[in-house]
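Notes for the one structure printed next.
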Ligand SMILES: Nc1nc2c(ncn2[C@@H]2O[C@H](COP(=O)(O)OP(=O)(O)O)[C@@H](O)[C@H]2O)c(=O)[nH]1
Ligand SMILES: [Mg+2]
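In the numbering used here, the protein residues as written are 1 to 252.
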């Protein structure tokens, strides 16, 4: 597969467990190039991923020695991608939960609609913990209110194509968005900047520990973080309300 010069796959990875190798291999099968940002992992994936990159010129592994959080790890990748001339990244998790086979579909949509962000709409199977689905509904409700129902299908799903330039501007201005609060804050703020959301259904899987599933979601810590994030966004929403109403009335 010829390397894209505009779109790359960016995988933030923090102690991802054994599924990381298949995940990266699958991403490479469906896209070229693929970059992994190792976010201060302390497991064997550091050596394992570096070994994979030595065998594959189209897989780049960027190693952050300290854990900085998902948002900060993605931003690190965005800065390097922008310097290398890329305009879009498809972000996906390193733990096998996201459907690598849909990468070409999401990328094609982004190429067709270059002003849009392409968002995965999670299709859950029976493996999804109901508490996570409920929490998601709350975050989605807030994100839709904060954007006056501008079309965000899912606020939290990390399988999506972001335009790099506006996202870097937003992240430089907003020092939060560095951890688990990255994905929802990114879509809401991009929507405020006029970036349209295109939603595409994408299956998501939750693996049990016995299948090699790993999650670093901490129910209390991350829900506090998400609540604080929506409080910030709600204040931003109140300030932008006249603009958002004007846009809605103009049908944009
Ligand atoms: N939770 C967490 N994930 C990180 C961090 N840095 C990078 N990630 C990556 O972000 C993705 C989502 O994290 P995960 O723990 O799987 O969250 P979940 O899928 O919502 O349960 C994975 O690819 C992680 O490897 C970090 O500091 N914390
Ligand atoms: Mg996960």
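From the three backbone atoms N, C-alpha and C, an ideal C-beta is built for every residue, glycine too.
ask   = residue 124 lies in the beta strand (DSSP E); which residues open and close that run?
value = That run of the beta strand (DSSP E) goes 116-124.
task = Determine the contact status of residue 32 and residue 58, defining contact as a CB-CB distance below 8 Å.
result = Yes, these two residues count as a Cβ contact at 8 Å.
inquiry  = Determine whether the beta carbon atoms of residue 107 and residue 161 lie at a separation below 8 Å.
reply    = In contact: residue 107 and residue 161 (Cβ atoms closer than 8 Å).
query = For residue 7, which of helix, strand or coil comes out of DSSP?
reply = Of the three classes helix, strand and coil, the one that applies to residue 7 here is strand, per DSSP.
task = May I ask you to verify whether the segment 117-124 touches the segment 43-50, counting CB pairs closer than 8 Å and requiring at least 3?
result = Taking a cut-off of 8 Å for Cβ pairs, the segment 117-124 and the segment 43-50 do not touch, as fewer than three such pairs fall below it.
task = Collect the residues with a C-beta less than 6 Å away from any heavy atom of ligand 2 and give them in sequence order along the chain.
result = Matched residues: 93, 95, 97 and 215.
request  = Flag this pair as touching only if the segment 211-218 and the segment 161-176 have three or more C-beta atom pairs under 8 Å; answer yes or no.
outcome  = Not touching, per the Cβ criterion.
task = Report whether the distance from the Cβ of residue 16 to the nearest heavy atom of ligand 1 is below 7 Å.
result = Of the heavy atoms belonging to ligand 1, at least one sits nearer than 7 Å to the Cβ of residue 16.
request  = With distances taken Cα to Cα, identify the nearest neighbour of residue 181 among 139, 88 and 251.
outcome  = Between residue 181 and the set 139, 88 and 251, the nearest pair of CA atoms involves 139.
Contact test: residue 180 Cβ vs ligand 1 heavy atom, cutoff 7 Å = Yes, the beta carbon of residue 180 sits closer than 7 Å to at least one heavy atom of ligand 1.
ask   = Distance, Cα to Cα, residue 8 vs residue 89?
value = One C-alpha to the other measures close to 5 Å.
query = In chain order, which continuous runs of the alpha helix (DSSP H) of length 4 or greater are located wholly inside the segment 51-118?
reply = Here the runs fully enclosed are 70-83 and 103-112.
ask   = Do the segment 123-141 and the segment 66-80 make contact, defined as three or more Cβ pairs closer than 8 Å?
value = Using a Cβ-Cβ distance cut-off of 8 Å, the segment 123-141 and the segment 66-80 are not in contact, since fewer than three pairs of beta carbons, one from each stretch, lie closer than that value.
task = Could you check the C-alpha separation between residue 187 and residue 11 for me, to the nearest Å?
result = Between the alpha carbons of residue 187 and residue 11 lies a gap of roughly 18 Å.
key: residue 135 and residue 223 closer than 8 Å at C-beta   = Yes, they are a contact pair.
inquiry  = Tell me the rounded alpha-carbon separation between residue 28 and residue 242.
reply    = Spanning the two alpha carbons is a distance of roughly 45 Å.
request  = Round the Cβ separation of residue 30 and residue 101 to the nearest angstrom and send it over; I've been treating them as touching at under 8 Å.
outcome  = Right, the Cβ-Cβ distance comes to about 6 Å (below 8 Å), so this counts as a contact.
ask   = Do you know how far the Cα of residue 127 is from the Cα of residue 167?
value = Distance between the alpha carbons of residue 167 and residue 127 is about 32 Å.
ask   = Could you give the distance in angstroms between the alpha-carbon of residue 131 and the alpha-carbon of residue 221?
value = When rounded, the distance between both Cα atoms is 15 Å.
inquiry  = Looking at residue 190: is its Cβ nearer than 8 Å to the Cβ of residue 170?
reply    = The answer is yes: Cβ separation under 8 Å.
inquiry  = Between the alpha carbons of residue 251 and residue 245, how many angstroms are there, rounded?
reply    = C-alpha separation (whole angstroms): 10 Å.
inquiry  = Could you check whether residue 202 and residue 99 sit closer than 8 Å to each other, using their CB atoms as the reference points?
reply    = If you check the CB distance, residue 99 and residue 202 come in under 8 Å.
inquiry  = Can you tell me whether residue 70 is buried or exposed? The criterion is at least 16 other CB atoms within 10 Å of its CB, across all chains shown.
reply    = With 16 or more other Cβ atoms within 10 Å, it is buried.
key: Alpha-carbon spacing of residue 26 relative to residue 232, whole angstroms   = Those two C-alpha atoms are separated by around 37 Å.
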